[in-house]
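The structure appears right after this line, and notes come after that.
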Amino acid sequence: MYQGECHCGAVSFEISEAPEKLVDCNCSICRRIGALWGHVSIDSVNINSPAEGTTAYVQGDKTLAVHTCKSCGCTTHWESLQADGEYMAVNFRMCEPEVIEQFRIRKFDGADSWKFLD
Ligand SMILES: [Zn+2]
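No gaps in the numbering here: position 27 of the sequence shown is 49 in this note's numbering, and each next residue is one more.
Written out as structure tokens, the structure is:
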């Protein structure tokens, strides 16, 4: 079980499945957020947030919504907007450093080739 929360604690999560890796992506939004994404099945994640506690940012091809705490501005996760979306990603930067250290971090070229760079 992995746990994390935004800086103010309004938004927190628990994940019951270990992601295979954490993804450091260089696409236009990820490089700005500085997220370390852990991709997991929707069923394995519990997001605890007050009603409308996050801002959902949708851009480009509108396939996903990036959620950010309205109070402290930390990006906590993204969710698929596709009806058959089975995966989501949680920003492991919301976890303690000891948790992040357990995973391999892979650089993903989301800006261009859509391939891992390592
Ligand atoms: Zn917050």
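Note that the Cβ used here is the ideal one computed from N, Cα and C, for glycine as well.
State the Cα-Cα distance for the pair residue i and residue j, rounded to the nearest angstrom.
{"i": "K43", "j": "A57", "result": "13 angstroms"}
{"i": "D46", "j": "G132", "result": "9 angstroms"}
{"i": "A78", "j": "G107", "result": "17 angstroms"}
{"i": "M23", "j": "N70", "result": "15 angstroms"}
{"i": "D134", "j": "C52", "result": "13 angstroms"}
{"i": "F125", "j": "E74", "result": "31 angstroms"}
{"i": "W100", "j": "V88", "result": "4 angstroms"}
{"i": "I13", "j": "T98", "result": "Any question about residue 13 goes unanswered here, given that the chain covers just 23 to 140."}
{"i": "C91", "j": "S34", "result": "10 angstroms"}
From what residue to what residue does the beta strand (DSSP E) around residue i run?
{"i": "I127", "result": "I127 to F130"}
{"i": "S135", "result": "Counting along the chain, S135 falls outside any beta strand (DSSP E), and DSSP gives it neither H nor E."}
{"i": "L86", "result": "L86 to C91"}
{"i": "S34", "result": "S34 to I37"}
Please classify residue i: is it buried, with 16 or more other beta-carbons within 10 angstroms of its beta-carbon, or exposed?
{"i": "F138", "result": "exposed"}
{"i": "M110", "result": "buried"}
{"i": "L103", "result": "exposed"}
Which residue marks the beginning of the alpha helix (DSSP H) containing residue i, and which one marks its end?
{"i": "I55", "result": "C52 to I55"}
{"i": "I122", "result": "P119 to I122"}
TODO: For the segment 107 to 118 and the segment 23 to 30, state whether three or more C-beta atom pairs, one from each stretch, are separated by less than 8 angstroms.
DONE: Output reads yes: the segment 23 to 30 touches the segment 107 to 118.
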